[in-house]
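I have placed the structure first, in the form of structure tokens, so that the comments after it can refer back to it.
Residue numbers (the numbering used here), protein chains in the order written: chain A, 4 to 118; chain B, 1000 to 1110.
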């Protein structure tokens, strides 16, 4: 079974702090994704990566950056957390291909609260 | 990517009844339409998908229908059970390797 793990289930940070959310997948998947989930808005793509050291902006990249130094690990960085970044963050991976037509395997999510 | 409209946002059905969730889209280039189920405290999981060369696909109690002309697709769950209670997301493929998700439907199956 594919396993996607996220470093924290719950996280509370203060405005202005630098926040790191870590995601690891154990199936040698090529593509990795970061989404945020908000009520009534569904899942919105922040960034994705289709190879080590490669990244592409999704629909809502503002205020975020990412890092993919190793194939299995994809990090989401909030350089200076703000209250409007309070949300559920979901990481996903896909095996290969275009990523758009491949099964996405999600982690359990990190609920981030910014005070 | 262009939005996917999903309705309804909440749906309650009696156990044993059917549930239908509908999504509409505007990007005619979309060719792949998956449905994901998110149980409480978990990440979404793919339950069924359909590609544009097919009009309907079934897997036991769940089915998906696609009308490419009208640009809508629907999830049908028959003989609902309590374990079907979850949030369901539709999605469509777009450009640049990404999926665009709908806003989600909270399905509650009442005993």
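Yeah, the Cβ is synthetic: ideal placement off N, Cα and C, and Gly gets one too. Since the structure is predicted, the reported quantities are computational estimates derived from the model, not experimental observations.
Identify whether residue i lies in helix, strand or coil by the three-state DSSP scheme.
| i | result |
| --- | --- |
| residue 116/A | strand |
| residue 1081/B | helix |
| residue 32/A | coil |
| residue 1036/B | strand |
| residue 53/A | coil |
| residue 44/A | coil |
| residue 63/A | coil |
| residue 9/A | strand |
| residue 1003/B | strand |
| residue 1021/B | strand |
| residue 89/A | coil |
| residue 1044/B | strand |
| residue 104/A | coil |
Following the continuous beta strand (DSSP E) through residue i, name the residue where it begins and the one where it ends.
| i | result |
| --- | --- |
| residue 84/A | That residue, residue 84/A, is in no beta strand (DSSP E); it is neither H nor E in DSSP. |
| residue 1060/B | Run containing residue 1060/B: none; DSSP gives neither H nor E here. |
| residue 1010/B | 1009-1013 |
| residue 1102/B | Element bounds for residue 1102/B: n/a, residue is neither H nor E. |
| residue 18/A | Here residue 18/A belongs to no beta strand (DSSP E), and DSSP marks it neither H nor E. |
| residue 68/A | 68-73 |
| residue 1073/B | 1071-1076 |
Taking Cβ positions, are residue i and residue j nearer each other than 8 Å?
| i | j | result |
| --- | --- | --- |
| residue 18/A | residue 84/A | yes |
| residue 1097/B | residue 45/A | no |
| residue 22/A | residue 81/A | yes |
| residue 106/A | residue 15/A | no |
| residue 56/A | residue 76/A | no |
| residue 1014/B | residue 1079/B | yes |
| residue 35/A | residue 52/A | yes |
| residue 1043/B | residue 1081/B | no |
| residue 42/A | residue 1041/B | no |
Can you give the beta carbon distance from residue i to residue j, rounded, assuming they're within the 8 Å contact cut?
| i | j | result |
| --- | --- | --- |
| residue 1035/B | residue 1045/B | 6 Å |
| residue 1104/B | residue 1049/B | With a Cβ gap of about 17 Å, residue 1104/B and residue 1049/B do not count as contacting. |
| residue 25/A | residue 78/A | 5 Å |
| residue 29/A | residue 6/A | 5 Å |
| residue 27/A | residue 50/A | About 16 Å separates the two Cβ atoms, so there is no contact after all. |
Alpha carbon to alpha carbon, how far is residue i from residue j?
| i | j | result |
| --- | --- | --- |
| residue 1092/B | residue 1002/B | 11 Å |
| residue 1069/B | residue 118/A | 45 Å |
| residue 1016/B | residue 1071/B | 23 Å |
| residue 1053/B | residue 73/A | 38 Å |
| residue 1075/B | residue 20/A | 45 Å |
| residue 1018/B | residue 1061/B | 10 Å |
Got a sec: does the ligand PLP put a non-hydrogen atom nearer than 7 Å to the Cβ of residue i?
| i | result |
| --- | --- |
| residue 4/A | Inclusion of the ligand PLP in the displayed structure is not the case, the ligand content being empty and no account of it being possible. |
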